[in-house]
Structure formats: structure tokens, C-alpha cells
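Sequence order for the protein chains is A and B.
Counted the way our numbering counts, the first sequence spans residues 1237 to 1349.
Counted the way our numbering counts, the second sequence spans residues 1222 to 1334.
Shown next, in C-alpha cells, is the structure this report addresses.
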Amino acid sequence: GDSVTQMEGPVTLSEEAFLTINCTYTATGYPSLFWYVQYPGEGLQLLLKATKADDKGSNKGFEATYRKETTSFHLEKGSVQVSDSAVYFCALTGQRNDYKLSFGAGTTVTVRA
Amino acid sequence: DAGVTQSPTHLIKTRGQQVTLRCSPKSGHDTVSWYQQALGQGPQFIFQYYEEEERQRGNFPDRFSGHQFPNYSSELNVNALLLGDSALYLCASRLGPSLRTETFGSGTRLTVV
């Protein structure tokens, strides 16, 4: 079945550092790919998405590019802030009649001032 | 515009009991999905409801059941609670089962003792 593997955490960074969280997927056909963020005590918020190969999703300074050749969707941000401290989840939905989201295990990111 | 609302926010149940969790979808949305998020893990898909029917189900036992009402709100019922059912239960809604983007609620934290 479809699955997502993402970089294990926790990740601790200083403010203004560069952030990369690796995500690779296994799926048949052409899934849609997502990054969700979960702040402490809250539900999930959609951060960005990409629905076809070579698409780049971007939001709030975060970017991720859908790479079908490497089955990857790595999340990057050039300069993190303390407010970016959260748990980040990579996820996918399959094709046609498979509409559920399949999530990775999550990566905890802590940004220190 | 209210987002996805879930109730209660927290509850504690005893092993063997039954529990009902409730979800009101975002205004304009007609499809509801439920996810279970164990501590330190990514959410796992339980099932999706559309037009008051279960449209897709994840790998969960029959102890987990649901319902969708004509106003699109939904309930998740869990019978014969086990300690392992302790988790954050997330409700998500979308417009139509095929739309790829879901909006999540803040969840119900269930503790089974």
C-alpha cells in the first residue's frame, strides 16, 4: 500500500538556520503530496501541497518540490524562526478512489533563539 | 467562518466502556474523515463518510464505527475500549470525497484507564 517515510527527529536549530526535512514515498501512479504542521496542543494545518510531478508547493517561506524520479517531497525553509517550532508531517493521497491521507511519523522541529 | 469543531476536547474512559466523539465539519463541507493519532506518531485513517455512508475504511477493527447525519456532522463510536485506544482523535472535512485537501479539527484526546 501507499506509505510515507520521513526523516526522524527531533531536529534542533538556531534561529535563521536552514531547515530541511526529508520525505520519500511509495505509491502507485501519481499521488498528491502534502506537508502538514501541528503546533503544540493543536490539530493539523495544511502547510503546502503539490499534485503532480515537478510542482513546487510553497507557503510561509517553506517550499517542497514533487520529484517523481526520486519519489521525494523534501521540505525546506531558508531561515527559520522560533515560531516554526512544531511537528511536521509529510502525507500523500492516492489516485482515483483512494482519498485517505497516509502520513509519515512526523518530525519534531525546535528552533532556539 | 467556523472551521472543524470537535467535542469533547478531552475525556477519560475505563477499559471496556464505550465512547462517542462528535465532529461538525467546516461550513460548506460535506465529507468527514476520522483519524487516530497515537502519541509520537502520525495520524492513521479510520474511515470517511459521505452522503451518510461509509465510503472508505482503514485498518481498524469493527469496534470502531461511525455515523454521518443529514447536516453532515459525524460521530465516531468506539466499543469495548482498550488501553491502546488512548490517542488523539482527529476529524477532518472536505467538499466532496475526491477533493484532495482536508481541513482538520483540533481533536479529542481520549485516555483509557
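Glycine included, each C-beta is placed from N, C-alpha and C at the ideal position.
Can you tell me whether residue i is buried or exposed? The criterion is at least 16 other CB atoms within 10 Å of its CB, across all chains shown.
i	result
B/H1288	exposed
A/E1244	exposed
B/V1334	exposed
What residues match up with residue i in a beta bridge as DSSP calls it?
i	result
B/N1280	For B/N1280, which the question treats as bridged, DSSP gives no partner whatsoever.
A/K1296	None, per the DSSP bridge assignment.
A/A1286	A/L1269
B/S1245	B/T1226
If you measure between the beta carbons of residue i and residue j, is that distance less than 8 Å?
i	j	result
B/V1225	B/S1314	yes
A/W1271	A/L1284	yes
A/G1279	B/L1242	no
A/A1263	A/A1286	no
A/S1308	A/T1343	no
A/G1340	A/C1326	yes
B/G1317	B/T1252	yes
B/R1284	B/A1259	no
B/L1227	B/V1299	For the record, residue 1227 of chain B in the displayed sequence is Gln; it is not Leu. Result no, Cβ atoms of B/Q1227 and B/V1299 do not sit closer than 8 Å.
A/K1336	B/Q1269	yes
A/V1273	A/S1338	no
Using the three-state DSSP reduction, which class does residue i fall into: helix, strand or coil?
i	result
B/L1304	helix
B/V1299	strand
A/V1318	helix
B/H1231	strand
B/L1316	coil
A/K1304	coil
B/F1266	strand
A/A1327	strand
A/L1249	strand
B/T1252	strand
Taking 8 Å as the threshold (beta carbon to beta carbon), is residue i in contact with chain C?
i	result
B/P1229	Within the model displayed, chain C is absent; protein chains A and B are what it includes.
The beta strand (DSSP E) with residue i in it runs from where to where?
i	result
A/Y1335	First-last for A/Y1335: undefined, no H or E at that position.
B/H1288	1285-1289
A/R1348	1343-1348
B/T1226	1226-1228
A/S1239	1239-1242
B/L1331	1329-1333
A/Q1274	1268-1274
B/S1294	No beta strand (DSSP E) contains B/S1294, which DSSP labels as neither H nor E.
A/E1181	Since the first and last residues shown for chain A are 1237 and 1349, residue 1181 of chain A lies out of range.
A/T1262	1259-1262
B/Q1239	Per DSSP, B/Q1239 belongs to no beta strand (DSSP E) and is neither H nor E.
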